[in-house]
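Undergrad:
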Amino acid sequence: MSTHSILTLLAALALLMAATLAVGLLRLRQRAALLRELHVLADRQETVLRGLRAQLDAAHAEIDLLTDQSDVRRDAPALAAAMREHLAHRLWLRDRSAQAPLAELRATRAAWRTSVDTLQNETDSLREAQSALHRASQSAIGH
Numbered sequence: 096m097s098t099h100s101i102l103t104l105l106a107a108l109a110l111l112m113a114a115t116l117a118v119g120l121l122r123l124r125q126r127a128a129l130l131r132e133l134h135v136l137a138d139r140q141e142t143v144l145r146g147l148r149a150q151l152d153a154a155h156a157e158i159d160l161l162t163d164q165s166d167v168r169r170d171a172p173a174l175a176a177a178m179r180e181h182l183a184h185r186l187w188l189r190d191r192s193a194q195a196p197l198a199e200l201r202a203t204r205a206a207w208r209t210s211v212d213t214l215q216n217e218t219d220s221l222r223e224a225q226s227a228l229h230r231a232s233q234s235a236i237g238h
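Numbering follows this note's numbering, with no gaps: position 10 of the sequence shown is 105.
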């Protein structure tokens, strides 16, 4: 084997190693970016859920005033289920995300985006209903 052939082979191996390293670094960057985004989505989901809880509490308080009921707390099963799901998301993020394949991280991101969007739509709907309730209560008490 000639020196030229050996140098060509070594150059090809170096290129292959560089390409492999570049692909590995790209995957690490993608993983880091996905994990950051999942943390942001989890925080956003928690913020929306807490806001939803506050809106429900305010709506219940207004209903209690209108109906002269004592401070009866009504459990919101859908909200409780969403809070449990959120906790499961947080635990998955803490315990499993580091070992999850990129495809699973991407699927999780898509599911969480949908969840956050749905919760935000529910929050908007509740805000509209709460405004209507407030207007009705103001009319009922003569303001």
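Beta carbons are placed, not taken as given, at the ideal position from N, Cα and C, and that holds for glycine.
May I ask which residues mark the beginning and end of the alpha helix (DSSP H) holding Pro-172?
TA: Counting along the chain, the alpha helix (DSSP H) containing Pro-172 begins and ends at 172-190.
Undergrad: Between which two residues does the alpha helix (DSSP H) containing Ala-193 stretch?
TA: Ala-193 -> no alpha helix (DSSP H), and no H or E assigned at all.
Undergrad: At which residues does the alpha helix (DSSP H) containing Met-112 begin and terminate?
TA: Taken as a continuous stretch (DSSP letters only), the alpha helix (DSSP H) holding Met-112 covers 98-162.
Undergrad: What do you reckon, is the C-beta of Met-178 under 6 angstroms from a heavy atom of the ligand PLP?
TA: As presented, the structure is devoid of all ligands, the ligand PLP included, so that no description of it is given.
Undergrad: Expressed to the nearest angstrom, what Euclidean distance is found between the alpha-carbon atoms of Ala-195 and Ala-117?
TA: Straight-line Cα distance between these residues: approximately 21 angstroms.
Undergrad: Evaluate the contact criterion for the stretch 219-238 versus the stretch 135-154: three or more CB pairs, one atom per stretch, below 8 angstroms.
TA: Touching, yes, given that three or more Cβ pairs across the two stretches are closer than 8 angstroms.
Undergrad: Compute the beta-carbon to beta-carbon distance between Arg-204 and Leu-129, rounded to the nearest angstrom, for a pair I have assumed lies under 8 angstroms.
TA: Confirmed, about 6 angstroms.
Undergrad: Between Ala-156, Leu-160, Asp-159 and Thr-209, which lies nearest to Ala-177 when the distance is taken from Cα to Cα?
TA: For Ala-177, the nearest C-alpha among the options comes from Thr-209.
Undergrad: Beta carbon of Arg-189, beta carbon of Ala-137: below 7 angstroms?
TA: Against a cut-off of 7 angstroms, the Cβ pair of Ala-137 and Arg-189 comes out as no contact.
Undergrad: State the CB to CB distance for the pair Leu-105 and Leu-214, rounded to an integer number of angstroms; the pair is presumed to be in contact (CB under 8 angstroms).
TA: Contact flag wrong, Cβ pair sits at about 57 angstroms.
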